[in-house]
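Residue numbers (the numbering used here): 31 to 580.
Have a look at this one:
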């Protein structure tokens, strides 16, 4: 009786197990069918997906402008232009430790190592997305970990960033950890239908703890993970990445928008340079016509002078045109830098993750501030004129009837540079050898011989405003800096020998300077005259009447 009961219990248990197994198999089959149906529906839905990131950010954005290949370990310079690390190695000046950007010619001090250039997490994230879509014959990421041979992938998990074969894809979402993961077909992923979603799920991990970066330490100005927050940055001011980005986004966007004004002003000056070049060419044509018209009524001997003058005119025009072209090139460089900075910064703001925006914030701000400090040239357009000697009674075979003004005359086109014009340039002379011209805010001295030809330029390592000037018998220059309110003694080679910024415990504001035959220095300061030693040290001061100094 007991045996029958036991057999009956075993039979009942077997039925239960069999029924349960069948139910689990049915449920699993239904779940697989649901998953396959989901993939099919997702494929149809994503067929009308938004514009791909790969279309919005063309491959050229991820292409090095030196080797013209997709970036290999990209590094971003302070001017926001990025290049491959190997390409930067080739451009590195080993002696100076600098790299000159091939696009905008900005000199970047890398202290002798290209790895001191910032790694762009923004570009690296885009590269990861680009490479994941262009890799050929992608294999399943899980099969080797399970001890199986590599199988071609047919799907990709957007959350794990793993490539999955058909078998692994069917079971990927069956655990609690992966239940909410997004698995899509590899074909749709490569076609770009999931670019936006894949980009939104990208994360940067902490190099110390391998945890996702979720926070921003305002005290240290770096992005940190959860472990960093609880350990090294526990007592610091910490915000979430979203909060930190929100606090800085408006300021960055306003800063980026301000570049439009810079571009507009630079473009206007570029047009002025174009106009100056055009007027220069028109003046050349007018003068040539005047020459031809006048020479046609005189004797045949004048043709030799006409050819000579035309040659001089062409040389003069070419020289002046080159000066304008040089200015235009500088303006175009600033315009291109402003455009590049705006384009890059806009891409970062639109497409960058929070930590990427925060990572580039300082570089973007420094670059924009540098561009906004560009001094715009004051372009005063003057065209050459033809001077005709009207007295034809002289021997025209020996006399010049025509002349085109050269650089020594008053009628030349004014030389313009990015510092603009200044009306406080003072001059002095050293014996009968040369004339020294103080160049104001550029803190430099130009030396001209008696014929007016530039023979040298002295530019010390100094930042101020050179105004008043004298030279002693030892060929040393004494200069008054009206901005820093001091007197500078400068050697002929440009070395600063001494700087006097106070007199007898009183600060002073030098207005003029001269030297006596013993090389003592005298400086006018309001109602006082300061006497300095030849070396530039204070000796004594004397108060005088105001009318004496006016």
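Backbone N, C-alpha and C fix where the C-beta goes; we use that ideal spot for every residue, glycine too.
Check                                                                                                                : Outcome
Extent of the continuous alpha helix (DSSP H) to which residue 278 belongs                                           : 271–287
Contact under 8 Å by Cβ, residue 310 with residue 350                                                                : yes
Rounded straight-line distance, which links the Cα of residue 409 to that of residue 303                             : 8 Å
Beta-carbon gap between residue 135 and residue 363 smaller than 8 Å                                                 : yes
Other residues of its chain near residue 198: CB distance less than 7 Å, five sequence neighbours each side excluded : 170, 172, 173
Boundaries of the alpha helix (DSSP H) in which residue 394 is found, first to last residue                          : 384–402
Through-space distance from residue 259 to residue 9, alpha-carbon basis                                             : A query on residue 9 cannot be resolved here, the shown segment of the chain reaching from 31 to 580 and no further.
DSSP three-state assignment for residue 303, whether helix, strand or coil                                           : helix
Secondary structure, beta strand (DSSP E): runs of 3+ residues fully inside the region 502–566                       : 507–511, 516–520, 526–530, 542–545, 551–555, 558–562
Where residue 346 sits in the DSSP three-state scheme                                                                : helix
Terminal residues of the beta strand (DSSP E) in which residue 488 lies                                              : 484–488
For residue 502 and residue 560, the rounded distance between their alpha carbons                                    : 17 Å
Neighbour-count burial assignment, residue 104, 16 or more Cβ in a 10 Å radius                                       : buried
Selected residue, minimal CA-CA separation from residue 531, among 524, 540, 516                                     : 516
Alpha-carbon spacing of residue 61 relative to residue 214, whole angstroms                                          : Because the pLDDT at residue 61 is just 38, under 50, the model does not fix this residue reliably, and the point stays unresolved.
Which residues DSSP lists as bridging residue 260, in chain order                                                    : For residue 260, which the question treats as bridged, DSSP gives no partner whatsoever.
The region 267–281 / the region 375–387 touching (three or more Cβ pairs under 8 Å)                                  : yes
Residue 207 beta carbon less than 8 Å from that of residue 186                                                       : no
Inter-residue spacing [alpha-carbon to alpha-carbon] between residue 256 and residue 267                             : 14 Å
CA-to-CA distance, residue 511 to residue 538, given in whole angstroms                                              : 11 Å
Spatially closest choice to residue 146 from 108, 152, 131, by CA coordinates                                        : 108
Proximity of residue 224 and residue 188 at Cβ, strictly below 8 Å                                                   : yes
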